[in-house]
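Chains as they are written, first to last, in this note's numbering: chain A, 1 to 332; chain B, 333 to 664.
Structure, rendered in C-alpha cells:
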C-alpha cells in the first residue's frame, strides 16, 4: 500500500487555552498489519472535551498523551484489511484509533456497528460514548423520578442534548443551559426541553430561577464555573448532581465557587463519574438510545469539520462552545 | 411552684458574627403541666453549631427560631413532675427543651437515660446527637474500608473526636485537622488518631500532604472554607466526602472554593446530611457508641460553661473554636 497516513500529534502541552501550535500534523506510511490485527480507514473522528485533560501532564483519571504521540480519540470507519477472525474488509467499526486517517487495532476496543439502521457518525455521539455518558449520569447517578426537574448544562451538546431528551422520556421537566439564543431555540423547539436558559443573555440567576419554578432535583453538570455555582443555589432538598464535565475551567483558573454550602443545607448528593468506568451499563444504555434514535424520539445534531488538518481548530472551537451539537471531523 | 424559670430568647437575627446582644435573658414563672405532660429541670444545655443556622431567617433544612422565642437546643435533666404514664419524677431524661432551666414536654422527643452507666452530660455528646452524627456520616456516608485514610476536620470537637476514634476501631488511618497544638496533641495522644494537622500553624497544604501520604479516601467535613478546599485537592480516586458542617462560613461570606474539579477528576461522591433524617440508624449507632464509651475505647472531653446566663458567650466562643471537645452549659 502506497498511500500515506496523516496523523495529528501532541506537540506541546497547552498553557491555558489550547492553540493550534500545540498540535503537529505529520505524514507516514500506512502501516502493515500482523496476525490478529485489523487495518481501519477512519471516516469520522470524534472531538470531545475529555481530550483537553489528556493534553495535560497533571494527575487525572486517565493517562496523559505523551508529547509526540498521536492524539487519542474515538473514531468510526471501515475495515480495509483484517487478519482477525472477527472482522472482515468492509465491516463498519467504531473504536479509539485516534486523530489519524488509518489505524491498526487488535480488535479489543473495536466494535462492529450497523450503519444501515443508524448513520455511522451517530456511533460517536448519541449511540456512542457521549450518549452513554448522558444515560449513566442521568439514570444511574441522578436517578430522577417522574415530575422532578432535571437541569443540564451544555444542553445542545452531544451529551446534554441526550440528557434532556431522556429526562423528558422519563417524565421529568427538562431545563437546558446553553450559550446563545439559537442553541436555546433548538433545545426547546427541536429537542423538546421545557425551557432553556441562554447563559450569554446576562440574567443568569433570574433566568435560572424562572426556568425552574420548583427548584432543581437533578443537575447534570458539564460546564462548571459561574453557571454551576449559580445552579447550586437553586438545588432542592435531597437533590442529586452528576458531575460529568467542567469545560469552563479546563483552560483557565478555576472559578471560585461560593455556593458549596448548598450541599449541606440541601443534603445534596454530588458525584463525579467517567463513563468508561461504568461498562456493565453500556448495553442497557445503548439499547434504549438506539431505539430512541431509530424511532425518532431522540434527535441529535452534528457539527462536522472537513478534513483531519482542521481537527485542531475544530477542537479549540468546541472548547469555546462554537460547535452546535456533536463535534466531528470527517476524514473521507 | 414559686421558683422562676430563666430563658434565653432570640432577640435579633445576627449580622455576620453572633453577638451577645442577639440574645435576651428573661425570667418567667415555671409553667404548670397538664394531662400527658412532663416538667423537666434541665441540668445541661448542649451548644451545637447547627444552632447558628436556626438564628437566620434564610431557607435552610430546619425552621428558623422566631424572634422572641426560646432558643432551640438539646438538654439533659431530671423529671420534676409528670402527668405522663411513661415518665416519673426523678427520671433522668434528654430532650430538646431549649435554652432554659425548666421545660415542659409531651414526651414525644423525651428519652429516659441511664445516668449510672454513662454520665448524664454524655447523652448530649458522644452518646447523643453529636456521636450519632459522627457514626452516620462515617459509617453510612463515607463507608470506609479497613486500611483507608479518614480525615476529619474539627477533630477535637464533639463530632470530630468520635469520627476519628470510630475510624481507628474500624481499621482505618485517622487524621484530624484541629486549631492549635494543644488540640492536636490531645487528638493524637489521648484519642489515638494517627496524625493531626494544626491549621493555625501556617503550613496547611504541606502539613496535610505529610499527614496523608496515601491521599484521602474519606473526608468528614465539619468546617468548610480554605481547609475543605485544600483537602479536596488531596482526595483519592473514588473517595467519599460526608458534609456535616461548614462552621467556617456560618458567620462570614463563603470562602471561594477552587478545587471542586477534584470531584470530577477523582470521581468523588460528596453528600450533605443531617443526622435527624437518619433516625432508623440511631439505635445501631448508640449501641456501638455506648459500648465504646463504657469500655473506654471511645473517649470524650467537655467544655462546661457555668450558668445559663453564660450560654450566649459560650456559644459565640464555640463558633470561633474556643471550646475544647463538647461544649455544654451547666444549669444546676
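Glycine included, every Cβ here is placed at the ideal spot set by N, Cα and C.
Requested in this report: Compare the beta carbon distance of residue 340/A and residue 281/A with 8 Å and say whether it is the shorter of the two.
Outcome: The structure shown has nothing for residue 340/A, since chain A only spans 1 to 332.
**Report entry** Option nearest residue 124/A by Cα separation, candidates 86/A, 157/A, 201/A
**Finding:** 157/A
Query - Interface partners of residue 273/A on chain B, CB under 7 Å - result: 599
Report task. Output the distance between the C-alpha atoms of residue 562/B and residue 88/A, rounded to the nearest integer angstrom. Result -> 53 Å
Query raised in the report: Would you call the segment 596-604 of chain B and the segment 435-445 of chain B in contact, with 3 or more CB pairs under 8 Å?
Result: no
Report task. Go ahead and pull the three-state DSSP assignment for residue 142/A. Result -> helix
Query raised in the report: Which first and last residues belong to the alpha helix (DSSP H) in which residue 229/A is found?
Result: 225-232
Requested in this report: Could you give the DSSP three-state label for residue 382/B: helix, strand or coil?
Outcome: helix
**Report entry** Selection from 544/B, 652/B, 629/B that minimises the alpha carbon distance to residue 582/B
**Finding:** 652/B
Query - Classification of residue 4/A by the beta-carbon crowding that lies within 10 angstroms, buried from 16 upward - result: exposed
**Report entry** Of the listed residues 462/B, 452/B, 410/B, nearest to residue 437/B (C-alpha basis)
**Finding:** 410/B
Query raised in the report: Would you say residue 427/B faces chain A, with C-beta separation under 8 Å as the test?
Result: no
Query raised in the report: Does the separation of the CB atoms of residue 141/A and residue 324/A fall below 8 Å?
Result: no
Query raised in the report: Just curious, the alpha helix (DSSP H) that residue 465/B is in, first and last residue?
Result: 461-467
Query raised in the report: At a CB-CB cut-off below 9 Å, which residues of chain A make contact with residue 540/B?
Result: Ordered by position in chain A, no residue passes the 9 Å Cβ test against residue 540/B, which lies about 16 Å from the chain.
Query - Assigned exposure category for residue 353/B - 16 Cβ within 10 Å defines buried - result: exposed
Query raised in the report: Are three or more beta carbon pairs between the segment 213-223 of chain A and the segment 157-166 of chain A nearer than 8 Å?
Result: yes
Query raised in the report: Quick one: does residue 623/B have its CB under 8 Å from some CB of chain A?
Result: no
Query raised in the report: So is residue 179/A buried or exposed if we call it buried at 16+ other beta carbons inside 10 Å?
Result: buried
**Report entry** Simplified DSSP assignment, three categories, for residue 123/A
**Finding:** helix
Query raised in the report: Along chain B, which residues have their Cβ under 8 Å away from the Cβ of residue 177/A?
Result: None at all; the shortest Cβ gap to chain B is about 17 Å.
Query raised in the report: Taking DSSP as the reference, what is the three-state secondary structure of residue 516/B?
Result: helix
Requested in this report: Anything in chain A within Cβ reach of residue 581/B, meaning under 8 Å, just list it in chain order.
Outcome: 261
Query raised in the report: Does residue 299/A have its Cβ less than 8 Å from a Cβ in chain B?
Result: no
Query raised in the report: According to the Cβ coordinates, are residue 62/A and residue 52/A closer than 8 Å?
Result: no
Query raised in the report: From residue 366/A to residue 591/B, what does the alpha carbon distance come to, in whole angstroms?
Result: No statement about residue 366/A is possible, as the shown extent of chain A runs from 1 to 332 and does not include it.
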